[in-house]
Amino acid sequence: MRAPEPTDGTGTQAPGPAVLRAFSVAEADVRPLPGGQGVAWTDGRLVLKPVSYAPEHVWVCDVYSAWPDHDLIRVPQPVQSAEGGWTADGWGAHIFVAGRDAVLLEEVALVKRASDAFHLVTSTLTPPSFVDHRADPWAFGDRVAWEGVLPQGDRRALSLIGRLRDAEEPVLATSQVIHGDILPNVLVETGLPLAVIDWPPYVRPAGTANAIAATDAVTFRGAPLTLFDDWQDSDDWNQLLVRALLYRLGTTGWFAARDQLTGSLRTHVERAEPVVDAVLDRLS
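Numbering-wise, the sequence shown is residues 12 to 295 according to this note's numbering.
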């Protein structure tokens with residue numbers, strides 16, 4: 012989601028005194044937490060993050076607090092504020108999750124292992140209604156991929172989207188709650204199960220999460236195209252790759268239409284073109 016405007020010179024907005032009191036965090040102990048979108052802070056015990064969309068945050072906290080199987084896959088444990096809710100002054104908190112980021116690409120297989128375990132647990136969840144009402148760029152990209160929403164972007168991006176849409180066929184797998192950005196959000200800790208963090212929920216076929224991770228790994232991380240073969244585990248796989256590429260290109264198009272491209276998004280379309288070619292070749 013969107014990051015808040017920086018106010019303290021570190022590139023992130025620090026939690027204010029009311030937030031620190033609500034979660035019993037000492038101001039002297041809190042420091043920026045590297046990684047992610049650069050908006051998280053920690054005192055070594057808790058992680059504090061601004062809440063971008065309250066209905067999503069509350070739902071995720073409710074799911075995490077009732078998580079049934081930490082022996083299969085670990086997730087963050089949310090912490091209630093002093094007043095008993097999941098937020099305080101626009102911030103949320105969870106217990107620091109032990110682990111390091113999975114090394115990409117050497118440990119990319121661990122991402123799939125974590126994803127499969129995570130989605131086994133989430134397969135029993137009732138889909139949340141808020142996913143139909145989100146209005147962020149990623150929700151827009153998701154609707155471009157799955158609901159036929161008119162895409163945005165420059166001519167080159169729209170051309171790729173058009174080619175992918177021409178190759179679309181029905182996906183037969185049923186939908187469930189999934190993690191929409193699992194590739195960079197797997198933690199590894201010796202002696203503990205893998206962990207999954209920073210969960211943006213979507214309601215799509217479970218294989219969509221792996222398809223997004225695989226296409227992201229090839230597009231942005233330099234993974235070989237053989238990853239698509241290595242991760243194929245259903246008859247819908249190639250169509251899920253199509254949807255994954257549409258999702259990312261649809262999101263980038265949203266930013267491009269508003270002249271807000273930053274970081275790797277500036278070269279996304281150029282990077283995506285050979286990946287689109289490869290996925291379409293799989294369908295021919």
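Glycine is no exception: its CB is placed at the ideal position from the N, C-alpha and C atoms.
Task: Cutoff 6 Å; reference Ser-76; Cβ partners in own chain excluding five residues on either side - done: Pro-89
Open item on the list: Quick check on DSSP: helix, strand or coil for Gln-187?
Closed with: strand
TODO: Determine the contact status of Asp-147 and Gly-47, defining contact as a CB-CB distance below 8 Å.
DONE: no
Task: Residue burial classification, Gly-95 (beta-carbon count within 10 angstroms, cutoff 16) - done: exposed
Open item on the list: Since Val-290 and Tyr-213 should fall inside the 8 Å C-beta cutoff, what is the C-beta to C-beta distance between them, to a whole number of angstroms?
Closed with: That pair is no contact at about 20 Å.
Task: Touch test, the segment 244-263 against the segment 174-189, Cβ-Cβ under 8 Å, three pairs minimum - done: yes
Open item on the list: Taking contact to mean 3 or more Cβ pairs, one atom from each stretch, closer than 8 Å, check whether the segment 116-131 and the segment 164-176 are in contact.
Closed with: no
Open item on the list: Can you look up Asp-112 in the DSSP assignment and give me helix, strand or coil?
Closed with: strand
Open item on the list: So, with DSSP's three-state summary, where would you put Arg-174?
Closed with: helix
Open item on the list: Taking the beta strand (DSSP E) that His-105 belongs to, which residues open and close that run?
Closed with: 102-106
Task: Pairwise C-alpha distance: Leu-171 and Phe-231 - done: 17 Å
Open item on the list: On the criterion of 16 or more Cβ atoms from any shown chain inside 10 Å, does Gln-163 qualify as buried, or is it exposed?
Closed with: buried
Task: Proximity test, Arg-269 beta-carbon vs the ligand ZN heavy atom, cut-off 7 Å - done: Looking for the ligand ZN in the displayed structure turns up nothing, as the structure carries no ligands at all.
- [ ] Compare the Cα-Cα distances from Ala-29 to each of Arg-56, Ile-84, Ala-93 and report the closest residue.
- [x] Ala-93
Task: DSSP beta-bridge partners of Ala-93 - done: BP columns for Ala-93 are empty, so no partner.
Open item on the list: Under DSSP, the beta strand (DSSP E) around Tyr-213 begins and ends at which residues?
Closed with: 212-216
Task: Candidates Val-69, Phe-151, Ser-126, of which the one nearest Thr-263 by Cα - done: Phe-151
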